[in-house]
Amino acid sequence: MSLQQHRLPNGFRVVTEKMPGLASASIGVWVTAG
Numbered sequence: 050m051s052l053q054q055h056r057l058p059n060g061f062r063v064v065t066e067k068m069p070g071l072a073s074a075s076i077g078v079w080v081t082a083g
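Under the working numbering, the sequence shown has 79 at position 30, and the numbering climbs by one with no breaks.
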């Protein structure tokens with residue numbers, strides 16, 4: 050598993066993982082609050 054982490058200018062953190070051979074996408078949202 051090779052994850053890549055990026056931080057957008059607005060502070061959002063984006064984590065991606067390439068999965069060769071798959072032609073689909075999935076999105077998960079986690080909110081850190083409190």
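Here a beta-carbon is modelled for each residue, glycine too, at the ideal position from N, C-alpha and C.
Item: Given a cut-off of 8 Å, decide if residue 52 and residue 63 are closer than it, judged by their beta-carbon atoms.; Value: no
Item: Between the alpha carbons of residue 68 and residue 76, how many angstroms are there, rounded?; Value: 14 Å
Item: From which residue to which residue does the beta strand (DSSP E) around residue 52 run?; Value: 52-56
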